[in-house]
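Undergrad: For the record, the sequence lines run as chains A and B. Take the first sequence: its position 130, counted from the start at 1, is 130 in this note's numbering, and no numbers get skipped. Take the second sequence: its position 86, counted from the start at 1, is 86 in this note's numbering, and no numbers get skipped. Each residue gets a CB set at the ideal place from its N, CA and C atoms; glycine is no exception. Keep in mind the model is a prediction, meaning the values are calculated, not measured.
There are 2 protein chains.
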Amino acid sequence: MKKEIQVGIVQLAIDADVQHNRARLAQQIEHCAAQGAQLVVLQELHDSLYFCQTEHTEMFDYAHPIPGEATEFYAAVAKRLHIVLLTSLFEKRAPGLYHNTAVVFDSDGSIAGKYRKMHIPDDPAYYEKFYFTPGDLGFQPIETSVGKLGVLVCWDQWYPEAARLMAMNGADLLIYPTAIGWESSDSAEEKERQRSAWQIAQRAHAVSNGLPVIAINRVGVEADPSGATKGIRFWGTSFVAGPQGEILAQASDSEEETMIVSVSLERSEQVRRIWPFFRDRRIDAYGDIVKRYGNN
Amino acid sequence: MKKEIQVGIVQLAIDADVQHNRARLAQQIEHCAAQGAQLVVLQELHDSLYFCQTEHTEMFDYAHPIPGEATEFYAAVAKRLHIVLLTSLFEKRAPGLYHNTAVVFDSDGSIAGKYRKMHIPDDPAYYEKFYFTPGDLGFQPIETSVGKLGVLVCWDQWYPEAARLMAMNGADLLIYPTAIGWESSDSAEEKERQRSAWQIAQRAHAVSNGLPVIAINRVGVEADPSGATKGIRFWGTSFVAGPQGEILAQASDSEEETMIVSVSLERSEQVRRIWPFFRDRRIDAYGDIVKRYGNN
Numbered sequence: 001m002k003k004e005i006q007v008g009i010v011q012l013a014i015d016a017d018v019q020h021n022r023a024r025l026a027q028q029i030e031h032c033a034a035q036g037a038q039l040v041v042l043q044e045l046h047d048s049l050y051f052c053q054t055e056h057t058e059m060f061d062y063a064h065p066i067p068g069e070a071t072e073f074y075a076a077v078a079k080r081l082h083i084v085l086l087t088s089l090f091e092k093r094a095p096g097l098y099h100n101t102a103v104v105f106d107s108d109g110s111i112a113g114k115y116r117k118m119h120i121p122d123d124p125a126y127y128e129k130f131y132f133t134p135g136d137l138g139f140q141p142i143e144t145s146v147g148k149l150g151v152l153v154c155w156d157q158w159y160p161e162a163a164r165l166m167a168m169n170g171a172d173l174l175i176y177p178t179a180i181g182w183e184s185s186d187s188a189e190e191k192e193r194q195r196s197a198w199q200i201a202q203r204a205h206a207v208s209n210g211l212p213v214i215a216i217n218r219v220g221v222e223a224d225p226s227g228a229t230k231g232i233r234f235w236g237t238s239f240v241a242g243p244q245g246e247i248l249a250q251a252s253d254s255e256e257e258t259m260i261v262s263v264s265l266e267r268s269e270q271v272r273r274i275w276p277f278f279r280d281r282r283i284d285a286y287g288d289i290v291k292r293y294g295n296n
Numbered sequence: 001m002k003k004e005i006q007v008g009i010v011q012l013a014i015d016a017d018v019q020h021n022r023a024r025l026a027q028q029i030e031h032c033a034a035q036g037a038q039l040v041v042l043q044e045l046h047d048s049l050y051f052c053q054t055e056h057t058e059m060f061d062y063a064h065p066i067p068g069e070a071t072e073f074y075a076a077v078a079k080r081l082h083i084v085l086l087t088s089l090f091e092k093r094a095p096g097l098y099h100n101t102a103v104v105f106d107s108d109g110s111i112a113g114k115y116r117k118m119h120i121p122d123d124p125a126y127y128e129k130f131y132f133t134p135g136d137l138g139f140q141p142i143e144t145s146v147g148k149l150g151v152l153v154c155w156d157q158w159y160p161e162a163a164r165l166m167a168m169n170g171a172d173l174l175i176y177p178t179a180i181g182w183e184s185s186d187s188a189e190e191k192e193r194q195r196s197a198w199q200i201a202q203r204a205h206a207v208s209n210g211l212p213v214i215a216i217n218r219v220g221v222e223a224d225p226s227g228a229t230k231g232i233r234f235w236g237t238s239f240v241a242g243p244q245g246e247i248l249a250q251a252s253d254s255e256e257e258t259m260i261v262s263v264s265l266e267r268s269e270q271v272r273r274i275w276p277f278f279r280d281r282r283i284d285a286y287g288d289i290v291k292r293y294g295n296n
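(1) Excluding five sequence neighbours on each side, which residues of the same chain lie with their C-beta closer than 6 Å to the C-beta of residue 152 of chain A?
(2) Buried or exposed for residue 57 of chain B, going by 16 or more other Cβ atoms inside 10 Å?
(3) Run through the DSSP bridge pairs and tell me what residue 92 of chain A is partnered with.
(4) Would the beta-carbon of residue 88 of chain A fall within 8 Å of that of residue 43 of chain A?
(5) Please report how far the alpha carbon of residue 273 of chain A lies from the alpha carbon of residue 280 of chain A, in whole angstroms.
(6) Which value, in whole angstroms, describes the spacing of the CA atoms of residue 139 of chain B and residue 158 of chain A?
(7) Ordered along the chain, which non-local residues of its own chain (more than five positions away) have a Cβ less than 6 Å from that of residue 7 of chain B?
(8) Just to check my reading of the structure: residue 166 of chain B and residue 150 of chain B have Cβ atoms closer than 8 Å, yes? What is that Cβ distance to the nearest angstrom?
(9) At which residue ranges does the region 104 to 134 of chain B contain complete beta strand (DSSP E) runs of 3 or more residues, listed in the order of the chain?
(10) I want to check one thing, is the minimum distance from the CB of residue 198 of chain A to the heavy atoms of the ligand NAD below 7 Å?
(11) For residue 277 of chain A, go through chain B and note every residue whose CB falls closer than 8 Å to its CB, in chain order.
(12) Would you list the residues sitting across from residue 8 of chain A in a DSSP beta bridge?
(13) Which same chain residues, not among the five before or five after residue 4 of chain A, have their C-beta less than 8 Å away from its C-beta?
(14) What is the DSSP secondary structure of residue 85 of chain B, reduced to helix, strand or coil?
(15) Across which residues does DSSP place residue 176 of chain B in a beta bridge pair?
(16) Whole-angstrom Cβ separation of residue 213 of chain A and residue 241 of chain A, contact assumed at under 8 Å?
(17) Hey, out of A:62, A:190, A:208, whose CA is closest to residue 268 of chain A's CA?
(18) Whose C-alpha, out of A:104, A:49, A:53, is nearest the C-alpha of residue 72 of chain A?
(19) Between which residues of its own chain and residue 246 of chain A is the CB-CB distance below 6 Å, once the five residues before and five after are set aside?
(20) At a CB-CB cut-off below 8 Å, which residues of chain B make contact with residue 293 of chain A?
(21) Residue 84 of chain B to residue 62 of chain B, Cα distance in whole Å?
(22) Just the chain A side, please: which residues come within less than 8 Å of residue 47 of chain B by C-beta, in chain order?
(23) Whole angstroms are fine: how far does the CA of residue 21 of chain A sit from the CA of residue 302 of chain A?
(24) What's the C-alpha gap between residue 282 of chain B and residue 60 of chain B?
(25) Opposite residue 222 of chain B in the DSSP bridges: which residues?
(26) Take residue 146 of chain B and list the residues in its own chain whose beta-carbon comes closer than 7 Å to its own, dropping the five residues that flank it on each side.
(27) Quick one: what does DSSP say residue 16 of chain B is sitting in, helix, strand or coil?
(28) Since I believe residue 86 of chain B is in contact with residue 102 of chain B (beta carbons under 8 Å), could you give me their beta-carbon distance rounded to a whole number of angstroms?
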């Protein structure tokens, strides 16, 4: 494990042209590498528009096997630039069986590991349960040359159980590729409560587990093809928090942005010495966590 | 369950005279009741100085059986003012067996229930493992005439498992009586990180569980009887957050303060409809939460 890593964070607006998106992503990844990034992290489902605003079977054409066309593209980028690269892809596992899958490439271009999104949302304009089967790989960090990456995806960010299990399984940091935004009919106050809740929940994972947390969100407005809503304005605000939940860097809520952030993987040790939350967990009293809800 | 409750929050500096502290607390509770409070919540171990700064057997004299002298005093206050009252007491269960116990009185003066602090800290100036046996009552909300109170205490606030289990067991809100402060040798930046982490962790419990959260902290400086440290400056900042983690009210970080805050127990329903985190918990994949740590 390195003591301090330079992390490149790419927050982009995406359009309907997959090849164009990939080319723009590769350009920003290269920009990060040129500035010394050792790890570059991309937002959720970065290759395409956020297609889950409607339920249409032709959207499954965006999916690819892993390994396959998409991983070959990103493997080559990682190898050429000699960086660890976190991508977020639409995985075709079998006909009629698809996942929302993060794939991590090591700096030699090999696949270091993958994580299949475990918690799948479904609410107006985010019809993910139609597209993605919930993950079956559990909460295992991905071992790379820069450290053990606790990769989780978007909706997972609301679940302290996921963050805890990643930390208990040895993650050096948590990383959340995300695609979250506002519906235009919400009030300004409600929008701010949502974005703030989103950030607080993830900063708290840093606090509870004494780990840095990185969130990468998309930005820009994407129309609803059905016209049922006014589309989603993705709120950007990609950020990095240290192991006390303190904000180390934060991107714009409306513009594309690429940031290089220095993240210490050593400070966790110091923070956990004085906040030894793992020491005092009441594992004798947590058994009901695996229940659906209380006693009914 | 009431739809909206008026909560009185009493943040005080405490001195060595227990009778004097009780009289001042009763005065503030009465002040809350006069302003319409239906529930009044007190800070952790409010009857005495925070005696855990050192380890001395004579400190066990502060403890009382439950029911006993302390509960008789507060039961009478609750009954007289016809309010639900949350107290935090040093419980003598048997010679050599003590707990840090929150006792809730209903508005008729009866004991509605008690909670024994489950997670016990131990770090310089907070030698609680010497004094308190970890609780054995689990994470059960206390049923009262104003709702089911998810009472947790101080160090519990760093554990998302505790908040989750209280919520799953039907709590209408979470309440954390607390005694936390700064050590003088920390830098201003470190102090701010600590206070911010403390607040974020609790606001995130509101977010993850779609519940209001109330934290009541003591304030003022208490000397270290051993002289080993410069004592603790308790950072006050008692607050109430709504079910999206939004701050509804916040007290001073250095002054005594009594606040009346209106808390909706109805908004949780609306928030959970659009953020249905309980719907998607992966209870098939959380089993390792009861492990101490990963696979080693």
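TA: Concretely, from the data shown:
(1) 162, 176
(2) exposed
(3) A:98
(4) Yes.
(5) 12 Å
(6) 21 Å
(7) Counting only Cβ-Cβ distances below 6 Å, and skipping sequence neighbours, we find 39, 261, 263.
(8) 4 Å
(9) Counting only runs that start and end inside the region 104 to 134 of chain B, the beta strand (DSSP E) elements of at least 3 residues fall at 111 to 116.
(10) This structure lacks the ligand NAD, and indeed carries no ligand of any kind.
(11) Listed by position along chain B, the residues whose Cβ is nearer than 8 Å to that of residue 277 of chain A are 158, 159.
(12) A:40, A:260
(13) 262, 263, 264, 265, 266
(14) strand
(15) B:215
(16) 5 Å
(17) A:208
(18) That would be A:104, whose Cα lies nearest to the Cα of residue 72 of chain A.
(19) none
(20) Residues of chain B with a Cβ closer than 8 Å to the Cβ of residue 293 of chain A are, in chain order, 168, 278.
(21) 24 Å
(22) Chain A residues near residue 47 of chain B: none, gap ~25 Å exceeds 8 Å.
(23) With chain A running from 1 to 296 in the structure shown, residue 302 of chain A is simply not present.
(24) 44 Å
(25) According to DSSP, residue pairing for residue 222 of chain B in a beta bridge involves B:232.
(26) So the qualifying residues of the chain are 2, 5, 38, 39, 84.
(27) Here residue 16 of chain B sits in coil by DSSP.
(28) Confirmed, Cβ separation roughly 6 Å.
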